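Undergrad: Dumping the structure here so I can ask a few things about it.
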Amino acid sequence: MSEFFGIKVEDIFNSMQARFRPEGASGVNKTFGYDITGIGKWKLIIKDVKMTLDKTDDLAGCDVAMETSGETFVGINIGKIDAMAAFTSRKLKVKGDLNTFGLTSRMFQKYMMPDQGIMPEQELLVLKKTISVNQKFATGPVFGKFLKALKDKKILAIKCPQCGRLQSPPREVCAICRVGNTEWVEIGPKGEMRMMEYCFYASPDPLTGETRETPYGAIGILLDGCRDEEVFWHLLRPDQLDRVKMGSVLYGKVSHGSRLRPVWNDNRTGSIDDIKYFEIDE
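Counting along the sequence shown from 1, when you hit position 243 you're at 242 in numbering that gives the first Met the number 0, and nothing is skipped either side.
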């Protein structure tokens, strides 16, 4: 059986050529493997802003490969199953770097079920209202020190004395070792692009009601001085979403991403908004 939620696994693969977005594949030269349990295997090759997709019996040579059931694969593509939830529950397994598979989200338009056709854009209704709460909340000495440093164009991390992890924004206690952190380290401010999420939710500011232009890129940057998974999350300059290259570590091989630098606000007040966004360091 290859049909789930009224959609066949083959329907999704057969639609990939029509859903391919060349602009999202710029700078990507990767081979992706799909092992749909009991149904078949497919190999997707992205090279020189072009794609080829073939059904195969052998996924050797793939940079990254996923293994999952037909139900989970179809559910993820039509939005009924959350991909990260499927991954953490072991319903979806990935051989290689999970972030590499995330590249496909920018290279293909969302699969539309046959009865959906072209979905009209929904009107966004906004009620602008400033919330006034007669209270003040202290950030605490650790996070407060991090925010204060932003006013001087410095990004601080705090180092775990046991595992050596650099955490930014800082935490008083290492979440892995459960020991107190006291050693401060200045990192960045430049770094390397490691991952990005395309965000289509308008994300209203709870204080002002203002909404962010979509889509926008929520990015993880490996700032200079950091290593492995010690990424710093912020925003990417909106007009550079399809220009950046993401770095990765796959089977011990390092692929470097775009170099990024922060763009600082002229009027810095000691908040995360003191950095407007990161942009390509050209």
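Just so you know, even glycine gets a beta-carbon here, dropped at the ideal spot from N, CA and C.
Note that this is a predicted model, so its numbers are computed, not measured.
Under the assumption that W263 contacts I274 (Cβ atoms under 8 Å), give the Cβ distance between them as a whole number of angstroms.
TA: 6 Å
Undergrad: Can you give me the Cβ contacts of F19 inside the same chain, cut-off strictly under 7 Å, excluding the 5 residues immediately before and after it?
TA: M50, M106 and F107
Undergrad: Can you tell me whether F136 is helix, strand or coil according to DSSP?
TA: coil
Undergrad: Suppose only complete runs of 4+ residues qualify. What are the alpha helix (DSSP H) ranges in the region 146-198, listed by chain order?
TA: Segments of the alpha helix (DSSP H) lying fully in the region 146-198: there are none.
Undergrad: DSSP state of G143, grouped into three classes?
TA: helix
Undergrad: Let me check one thing: in DSSP terms, what residues is G216 bridge-paired to?
TA: Note: G216 sits in a beta bridge opposite Y197.
Undergrad: Helix, strand or coil: which one does DSSP assign to F4?
TA: DSSP, reduced to helix, strand and coil, places F4 outside both helices and strands of the structure shown, so it counts as coil.
Undergrad: From T138 to I154, what distance separates their C-alpha atoms?
TA: Between T138 and I154, the C-alpha separation is close to 17 Å.
Undergrad: Under DSSP, the alpha helix (DSSP H) around E70 begins and ends at which residues?
TA: G69 to N76
Undergrad: Roughly how many whole angstroms lie between the Cα atoms of D96 and S247?
TA: 7 Å
Undergrad: Over what stretch of residues does the alpha helix (DSSP H) that includes R105 continue unbroken?
TA: T103 to M106
Undergrad: Identify which residue in I157, L124, G216 and L222 has its Cα closest to the Cα of D241.
TA: G216
Undergrad: Is the region 85-102 in contact with the region 4-21, if contact means three or more CB pairs nearer than 8 Å?
TA: no
Undergrad: Apart from the five residues just before and just after K79, which ones in its own chain have a Cβ nearer than 7 Å to its Cβ?
TA: Setting aside the 5 residues that flank it on each side, K79 is surrounded in the same chain by F4, each with a C-beta closer than 7 Å to its C-beta; the list follows chain order.
Undergrad: Suppose the cutoff is 6 Å on Cβ atoms and the five residues either side in sequence are ignored; what does the same chain contact list for S68 look like?
TA: T36
Undergrad: Please classify M245: does DSSP put it in a helix, a strand, or coil?
TA: It is coil, neither helix nor strand.
Undergrad: Taking the alpha carbon of K42 as the point to measure from, which residue in A59, G26 and V48 has its own alpha carbon closest?
TA: A59
Undergrad: For F99, is the classification buried or exposed, using 16 other Cβ atoms within 10 angstroms of its Cβ as the cut-off for buried?
TA: Checking the sequence shown, residue 99 turns out to be Thr, not Phe. It is buried - the Cβ of T99 has at least 16 other Cβ atoms within 10 Å.
Undergrad: Could you check where the beta strand (DSSP E) with R18 kicks off and where it finishes?
TA: R18 -> not in any beta strand (DSSP E); alpha helix (DSSP H) instead, spanning M15 to R18.
Undergrad: Cutting at 8 Å between CB atoms, please list the residues of its own chain near S25, excluding the five before and the five after it.
TA: V48, D241 and R242
Undergrad: Going by alpha carbons, who is nearest to I220 out of C159, E182 and P168?
TA: P168
Undergrad: Ignore the nearest five residues each way along the sequence and tell me which others in M118's own chain have a CB closer than 6 Å to its CB.
TA: At M118, the pLDDT of 48 sits below 50, so the modelled position is not reliable and the matter cannot be decided from this model.
Undergrad: What separation, rounded to the nearest whole angstrom, lies between the Cα atoms of L235 and M0?
TA: 43 Å
Undergrad: Pull up the distance between the alpha-carbon of R267 and that of K147, whole angstroms please.
TA: One alpha carbon belongs to R267, the other to K147, and they sit about 9 Å apart.
Undergrad: For V178 versus K158, is the C-beta spacing smaller than 7 Å?
TA: no
Undergrad: Mapping DSSP to helix, strand and coil, what is T99?
TA: helix
Undergrad: Who are the Cβ neighbours of S104 in its own chain at under 7 Å, not counting the five residues just before and after it?
TA: Y197
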